[in-house]
Each structure stands twice: as structure tokens, then as C-alpha cells.
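Under our numbering, read the sequence shown as residues 94 to 324, first letter to last.
We treat Cβ as the ideally placed atom computed from N, Cα and C, and that holds for glycine.
To start, the structure itself, in C-alpha cells.
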Amino acid sequence: MFYYWWDWTWIILVPAIVLSLIAQARVSAAYNRYSRVATQGGRTAADVVAEMFAREGIENVRIESTRGRMTDHYDPRALALRLSEGVYHSTSVAALGIAAHEAGHALQHRDGYAPLMLRSASVFAVNIGSNLSWPLVILGLIFSFEPLIMAGIALFSLVVLFSLITLPVEFNASRRALQALESGGYLAAGELVGARKVLSAAALTYVASALTAILQLVRLLVISGVGRNRD
């Protein structure tokens, strides 16, 4: 039953795949370019974020170095901002833009920014939905049991909702980052343009992720509809 219907539905994902490839290319190009451009101030990303936190009165967030490339993130549970080794010690325009973006998440957390709070609260449910949605749909189709299919679709809808909530969270963090870099005088005007390009390219990856989730949901609906029609 399944060996011939699953493949043609991948056509639905083509726009998302294309956008994802474009986004990844833009991120790589922007990062590679501006990671080689040192800032005039010559301060490391870690030092800049530490000063930003001091200016904002944030004293309880640790700034740590973590292994890997592009592994930078803010952990609200541990109250830790973790910067990849290539960013933590770097004085480049790209590094300061990325570090300030993650610092923007810490500012959101401090301010109780609603989309961030909602996203954090939904992580557990979204993980369940991501892991169980497809198996439930497939089992529902195998046994022609519509409640299982609908349960799988409902769980995957949580993944879509999560990806949509992520968009304002990431856009807002970038806006906060650029404002902080400008108001603090950490980047010159030309350097600020470079940081904006890096963050804009990164934002496109979240748009691509959201589009992928939406089209995956459409694909699930198409597959479940085809299964019911055949039965």
C-alpha cells in the first residue's frame, strides 16, 4: 500500500527544499565573509555580550564557550549564553552579530517576552509530536483506523505551531541585537550593515524551517486522504 504513494508527495516539499538550500547558502556566504572582517573596536564577542548584560542589569546569566560551529544558543533553564569557540574569542563582525542575537534571547527572557515563553513551554509537547506523528499516521493507514491518523496529524500540527512561534522570537532577538550593537557603539556604521546581513541570512533559515513544517503538514493531509480514498 505504501511503497508507491509516499514518493510523489515529496513534490509538495520542493519549495521548502529550495528555500532551505538558498538560506543555507546565504548563511554560509554571509558568515564566511564577515567572520573575516575584524571590528574596529577589537573586542571579543564574549566581552561585548558581558558589557551588554552589564548595561541591561543582567547579572545572573553565565557566558560560556561551547564546542562546535554555529552552536551558539541561549539556555533559559540554565541561565547560560553559550557561544561557539569560533564566536566566543572572535572580534569579527559576524561573531558580534551572532553573540548579540543570542544575548537578545536573554533580554527576551528577562522581559517575559510572550512568544519566547510560549515556545519554551511547548518544547516537551512538540518533541512528542515530532517523534510520534508520522508513526501514528502510518499505523492508522495500515489498519485503516482514522482516529490514529487524526491523532498523528494533530501532533504534527504542534510542530507547525512551534515553527511559527519561533519566527517572531528570532526576528525580535535580531532586532534587539542590532539596536544594542548600535546604541552601545560596538560596531561602526559599515560594520553594522555586515552584522545585519549575517542575521538576515540566519532569519531566512527559520522561515525555511517554518515553510517545511507547513508543507509537511499538507503532505500528511494528502497522504491520509489518499489512504482513506483507497480503502
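Asked                                                                                                                                                                   : Found
Can you give me the C-alpha to C-alpha distance between Met145 and Phe255, rounded to a whole angstrom?                                                                 : 29 angstroms
Along the alpha helix (DSSP H) that carries Leu331, what are the first and last residues, could you check?                                                              : Because the chain spans 94 through 324 in this model, residue 331 falls outside it and cannot be assessed.
Could you tell me the boundaries of the alpha helix (DSSP H) in which His198 lies?                                                                                      : Val186 to Asp204
At which residues does the alpha helix (DSSP H) containing Glu149 begin and terminate?                                                                                  : Ala138 to Glu149
Would you kindly report the start and end of the unbroken beta strand (DSSP E) that includes Ser158?                                                                    : Arg155 to Thr159
Classify Ala122 as helix, strand or coil using the three-state DSSP reduction.                                                                                          : helix
What distance in whole Å lies between the Cβ atoms of Ile151 and Arg203, which are believed to be in contact at a cut-off of 8 angstroms?                               : 6 angstroms
Can you tell me where the beta strand (DSSP E) holding Ala173 begins and where it ends?                                                                                 : Ala173 to Ser177
If we call anything under 9 angstroms between Cβ atoms a contact, is Ser183 one with Leu313?                                                                            : no
Output the distance between the C-alpha atoms of Glu157 and Ala282, rounded to the nearest integer angstrom.                                                            : 28 angstroms
Can you tell me the Cβ-Cβ gap for Ala188 and Ser121, rounded? I've got them flagged as a contact below 8 angstroms.                                                     : With a Cβ gap of about 15 angstroms, Ala188 and Ser121 do not count as contacting.
Between Ile191 and Leu174, is the Cβ-Cβ spacing less than 9 angstroms?                                                                                                  : no
How would you label Arg148, buried or exposed, when you count the other beta carbons within 10 angstroms and need 16 or more for buried?                                : exposed
Measuring only the C-alpha atoms, how far is Leu308 from Gly134?                                                                                                        : 44 angstroms
Would you decide whether Val186 is buried or exposed? Buried here means 16 or more other CB atoms lie within 10 Å of its CB.                                            : buried
Between which residues of its own chain and Pro261 is the CB-CB distance below 6 angstroms, once the five residues before and five after are set aside?                 : Pro208
For Tyr299, which residues of its own chain have a beta-carbon under 7 angstroms away from its beta-carbon, when the five flanking residues on both sides are left out? : Thr259, Leu260 and Glu263
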